[in-house]
Structures are given as C-alpha cells and as structure tokens.
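Report on the following structure.
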C-alpha cells in the first residue's frame, strides 16, 4: 500500500460522530437539518426524466459555469472559463491544492483552527504544510499580522476558511485589507485560497478575498448554503490558466460532477437562490448566542458559519472529553484537537440541530464540566 | 503550479470529440444513447423529496455497499466492508491506484491498448507505469503470456480492462487461468486490478478475475451498464484492509458519492437490474459486425464493450486521420494513438450511435481511406 495513504489518519471528526446513538443529542456533524428547497430538485428531476444523465464537459456544464461566475462577479473571474464545477468543495479544495502546489518546492500555510482536510490533502500529494495559530486570548479572531508572520520562505499559498469552521470567526474587511496589502508588498505571488463554504452564513460584515486580491482562488459549494450536503456539488473560481490545470486533476480524479447535481445548481444560480436560507441563519444565531450566554460556559461569539465553540475546564483533553460526553451525557460534540493544537481544550458544537437540542446539549456539557472540575478538585485521577 | 499536473496532457479523446459539429456523425465518446430506466430515477426522486440529500458515510450507504457485494459474490469480497462507493469508476480507479501503489517503489503494468487515464492517474501520484502491448496480428487478443512477459521487477499491480476499451477484446477463461496460475506461482503478491466497466456488455464467455484470483481489486460503475454516465456512481470491490485505505483517498478527494446517485444504485442492485440492457447489446452487436463486414475495412470483432475498431491504410497517422475525418467527412472517431503506441493506425468507433449513423460513418471512413490511398499512390505529400 501507499505509505502516504496508510500514514494519514482517518477522520477524527467522523470517528467521534460515528459513536452517536439513536438517543444522542447530536451537535457533531456540519450538516444543516434544514431540508432542501424541493423546487431545485424538481427542476433537475424534470431534466433527467427528459434527457437522462449524460456526461457534461469535465469542467462542468458551460451554462452553469457562466451562471456561477456571473453570480459572484469577482474581478477577473467573471467568465465561464474561471469556473470548474467539482464534486463538492472537498474535491474543489483537493484539485486546487494538487494543481497549485509543487511538492518539490512549495509549502502550504494553513490558518488554524482549521478543518483538518487541508493538511491531509496536502500530505496525500507530498506537499509540506505549516500552520499558523490564531490566538485563544483573542477568541481566535482572524488576524492578518499573525498570518503574515506565519509565512515561510517556501510558502506558495495560504488557505483560509472564512467564516471559519470550527471557530465561526470571519475575517473583517479591515483585516482583509491588511492581509492583502502585505501580500501585494510581497509581489502578489502568494496565492490566497479562500474556502468560502460558509459565505451565506455570515452575520457581520463580509470580506470576499477574491474582491480584494487578484491572486485569489475561491472554493465553495451548495452543501451549507442550500442544505445540499449529499449532493456533492461545488466549484473552484480562479484564473482561466489555473482552472485549466485544476480541471485536469478533476478530470482524472472524477471525470465530471453528477449531471443531476449540476441541474440542481443551475436552478439555484439562475433563480438567485444561493442565499435562500441566510435570513433563517441570521435569526437563529441570535437565539444561539442567548443560549450560550445563559449556559455560563466560555464561548466564541460566531461571526458566521453554524458552529459555536465552548471552552472546557483548563487542562481537559478535548478528545477525552468528547468521548466521555457521549458515554456519560449522550451528547455528540467535536473535540477541538481535530482542528489543530491551538484549539485543544475546546469543543465545536453544531447549532443546526433543533434549538431545544442545543439548549439541552449545553446544559449537559455544563453538568459534565462541573463534574470534571469537582473530580479534579477532589484529586480523582484523570482517566 | 504543480509540474506533475502541468506535464499531463489533457484528454486527447475529449479534445477530438469536442470538435464535433451539430451535423457530425458522432462515433466518438463512450456514452450509450440509450436512456436510463426512469424507474430507478423515480425511486431516488421519491427518496430525496422525503429525506433531502444528506451525506452518507464516506464509503457509501451501508445498505448499498452490502447490495453491491452480494450481487457479485466474489470469493472473500462478499461483505459491505469489501465495497467503497465512489464518484464513478474514474474515482474508483484513482483511489485504487493512489491507495495501492507506493511511488517510491512500485510500478504499475498497463495492458495496452488501454484507456489513457490509468497511466495519467499513476503519473499524477508520481507512480511509474510500464505498458505491455497486445499484438496487432492477433487482433489485440488479451494474451496472458504477453502480460506475464511484461512484468518488471517493481511491478506491483496489473491493470486490465476486460472487455477492453478500445479494442472490445475480453480475456477468455482459458487465458484468465493461464494469467492467474502464473501470478500464483509468483506468490500472488501482484495485484490484478480488473476494470470491469463493460462487464454487462460481454458477448462471449466472461472471465471475472476476482472469481479466480484472490489478490484482485474490481472497479466498476453504472455508467455503461445502465446508461447512467453522468450519474457518477461507481465502486471498488477489494479486501476489507484495502478498502479501508482506498476509502481514505476517496474521503479526502470527494468525501462521499452523491446521495441521489446512491439511491438510484440501490434501486438497481436491489431490483437486480444491472444487466437490464445486456440483451439489447447482444442483439445490436450482430448488426454491427454485419455492417463492419460489409464495409470491407479491416476490423476487430468485438467480444464485448460497445466499440469497434477499424484499421486505417498503412502508414496513416490516426490523429491526423481523425482530424481530417471531422473536417472532410464530418465523422467523429477516436484516434488509436490515444490508447497507446501499439494502437497507432487504428480508429475507435463507438457503436452506441444509431445503426444508420454507424453505417453512414463507416461508408465515409471507407471513402476517406480510398482517397488517402489514392493520394499516397499519386505521391501527394502527406500533410
């Protein structure tokens, strides 16, 4: 077997989440409980009944590519040739990293806390990744100076998820300008890869990096915005030259995205429905913040995405806590350590679960933390 | 950019096929003109209307994995754990090659003529590929002795497409036994990767290598069997240990296959409908062979798949001929050179086009060949 593959650990997030029982309060996986708008599915159904499900071009249906490009209107990325339609944002990121980075020379800089797949995808291709940690004392705010300080000699690209999974922090316009000016002073050769998958769940100001910095690649999907996780429909927005190379990786890895999924996407973009759940999220986050305040736990107030993160008692292993939470309290939460060393001691909770589940989950986490503190105080050995 | 990606040429097949005009007789792409059975789509539609399209487990819906394993009943590969559901057979092959081969040590042996993606996928991961050519004088019959002779010291796996794209040749049971015995004498350490995508278009005896040789990985999809190319639904059948590693690659590259597509697949497997078009193909191939005989062209009689291959006049460049055929005769055919040096001088024709198109296409190819021979005879310089 390929030692690079054997050496990559399987997903800690999915491993923890898979322990869920029928009875569990599931604050684990990043999947909206909202149901998708059936109108989009119906449009695709009508199409496939009439036309079957034939291959599209590797880079996707030309009409869909054009619709995506003109929806975002990022400067210089406004044409169909600037889009490659992929199997979710997962493949979009995979093809981007593989096409962009030369394993012999380049290094990827990952802004942490971060979804673990960036580093693993890079590892799969033998690309070195370095990480730069945002600061706990600043509630992991996305800080341009810290990112710049993390750049190494071989850094060819920076991957930034904003709004961020797991922290819910989004880069502010002011910080985005600081970051972009610094990169421009360096000649603009470092590529910014903006993982925008939570773009439609952004509750404060939004900074689209592709609006500000020419050397940006944006990666996105319909999974979160339109509650279509299992549809596996994403895309890459980038220069035509880059898209040509990324499309090769995409073509050899998967050929093309599912035609049914592409028709769903076309209906969404042509109907300008990408943001159809944005108001629901904006309203919901207020209730979430209220529940977090009420819990008394230390938490990070979300700028975006649909996670909230809470701090465990000092010195607690987040993996240990997550496993015990399932065993003792029947609550599924994701351990911070899955998102980088700097996020140890935190738990990520998904708040797309019903509000009563979130409230009950928070109450049980409080109970768990209290018990843990009591045990520590009594000198009970930490298992 | 990644030089490994830049260095890989884009698909010659798609490049030639994309020159097709509205008026063209298209014998190019390997896509059945049959429409899919709407009953399968309806079952999936009913599901997604009710349940949305949520993520499945990375390796696929457990019910589907079990249904696939028990449909094929290959010895030792009969459980759900022996299946990873992928984004078409393209990703199945990609994940297989990445998980199986160590770029530092292993070499892949490709039996040619072959679909070009095997070599390109290996190249993307930095894995060396060697090729072994079947013999033109034997009409490219799949010959076990030749394959064995092609094995090098570092050969870790052999990839064999049977029935074969492009030649339509399938390995006979007798040849399969010769191959398997030789591999067993070598200790059974070399893995056979059987690309079975044309398994349901097999008009003579069928040899399923996974039935005969324990160290076999089978790769397949619904694209050809059920006219669902654009659905992007395939799978890998292999040892549980191997599937675990291949699933990692699949998980990091695409996460999981489309849930809609998985529901279509479940309906097909549970309804035992994988072979639903087999009779149509068996009938059609007789008419195809009659048309080929009538044309007077040298051709390879297909054992399976839905291609027929015809020989160009001696010394003709197949790429040159394919481009001129589009320009001068408005016929799209794929140049043999796309499938390896040994197939230069041949054209691959897809016979899933309407019969009258195939007949007219063959007539125009005859006209083209006659003109070319006349030009050569007259000493006209070959452009």
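Residue numbers (the working numbering), protein chains in the order written: chain W, 5 to 387; chain Y, 5 to 387.
Note that beta-carbon positions come from the ideal geometry of N, C-alpha and C, so glycine has one too.
Tell me where the alpha helix (DSSP H) around residue i begins and ends.
i	result
residue 213 of chain Y	213–216
residue 52 of chain W	42–55
residue 295 of chain W	282–299
residue 149 of chain Y	148–154
residue 8 of chain Y	7–10
residue 18 of chain Y	16–21
residue 68 of chain W	66–76
residue 328 of chain Y	322–328
residue 24 of chain Y	Run containing residue 24 of chain Y: none; DSSP gives neither H nor E here.
residue 59 of chain W	Premise fails: residue 59 of chain W is in no alpha helix (DSSP H) and is neither H nor E.
residue 128 of chain W	121–128
Going along the chain, which residues of its own chain have a beta-carbon closer than 7 Å to the beta-carbon of residue i, five neighbours each way excluded?
i	result
residue 315 of chain W	301, 302, 349, 350
residue 62 of chain Y	251, 254, 255, 259, 260
residue 107 of chain Y	129, 130, 131
residue 114 of chain W	122, 123, 133, 135, 163
residue 309 of chain Y	167, 168, 169, 172, 202, 205
residue 293 of chain Y	305
Would you mind reading off the limits of the beta strand (DSSP E) that contains residue i?
i	result
residue 311 of chain W	311–315
residue 136 of chain W	132–137
When DSSP labels each residue in this structure, what does residue i get in the three-state scheme?
i	result
residue 256 of chain Y	helix
residue 336 of chain W	strand
residue 188 of chain Y	helix
residue 386 of chain Y	For residue 386 of chain Y, the pLDDT reaches just 47, beneath the cut-off of 50, and the residue's location in the model is therefore unreliable, leaving the point undetermined.
residue 168 of chain W	coil
residue 163 of chain Y	strand
residue 110 of chain Y	coil
residue 278 of chain Y	coil
residue 465 of chain W	Absent from the model: residue 465 of chain W. The displayed extent of chain W is 5 to 387, so no value can be given.
residue 141 of chain Y	helix
residue 266 of chain W	helix
residue 174 of chain W	coil
residue 158 of chain Y	coil
residue 231 of chain W	coil
residue 375 of chain W	helix
residue 365 of chain Y	helix
residue 105 of chain Y	coil
By Cβ distance below 6 Å, which residues in the same chain neighbour residue i in space, the five residues on each side in sequence not counted?
i	result
residue 386 of chain W	Only weak support is given to the placement of residue 386 of chain W: the predicted model assigns it a pLDDT of 47, under 50, and the value that follows is read from those uncertain coordinates. Hits under 6 Å: none found.
residue 317 of chain Y	373, 376, 377
residue 75 of chain W	273
residue 232 of chain W	40, 226
residue 356 of chain Y	36, 37, 310
residue 16 of chain Y	342
residue 242 of chain W	221
residue 339 of chain Y	322, 323, 326
Pull up the CB-CB distance for residue i and residue j, whole angstroms please, since I reckon it's below 8 Å.
i	j	result
residue 260 of chain W	residue 80 of chain W	At roughly 25 Å, the Cβ-Cβ gap does not stay under 8 Å, so residue 260 of chain W and residue 80 of chain W are not in contact.
residue 191 of chain W	residue 311 of chain W	Incorrect: roughly 35 Å between the Cβ atoms, too far for contact.
residue 234 of chain W	residue 59 of chain Y	5 Å
residue 32 of chain W	residue 227 of chain W	No, residue 32 of chain W and residue 227 of chain W are not in contact; Cβ-Cβ is about 16 Å, not under 8 Å.
residue 69 of chain Y	residue 84 of chain Y	4 Å
residue 343 of chain Y	residue 36 of chain Y	Between residue 36 of chain Y and residue 343 of chain Y the Cβ distance is about 20 Å, and since that is not below 8 Å, they are no contact.
residue 177 of chain Y	residue 209 of chain Y	5 Å
residue 268 of chain Y	residue 44 of chain Y	5 Å
residue 30 of chain Y	residue 289 of chain Y	Contact flag wrong, Cβ pair sits at about 19 Å.
Using DSSP's beta-bridge definition, name the partner residues of residue i.
i	result
residue 221 of chain Y	Y:197
residue 354 of chain Y	Y:311
residue 238 of chain W	W:90, W:225
residue 206 of chain W	W:308
residue 303 of chain Y	Y:314
residue 115 of chain Y	Y:136
residue 29 of chain Y	Y:335
Who are the near neighbours of residue i in its chain, counting only those whose CB is closer than 8 Å to its CB and skipping five residues on each side?
i	result
residue 216 of chain Y	180, 181, 184
residue 12 of chain W	124, 127, 128
residue 295 of chain W	359, 362, 363, 366
residue 284 of chain W	38
At a Cβ threshold of 8 Å, is residue i touching chain B?
i	result
residue 305 of chain Y	Here chain B cannot be found, since the structure's protein chains are W and Y.
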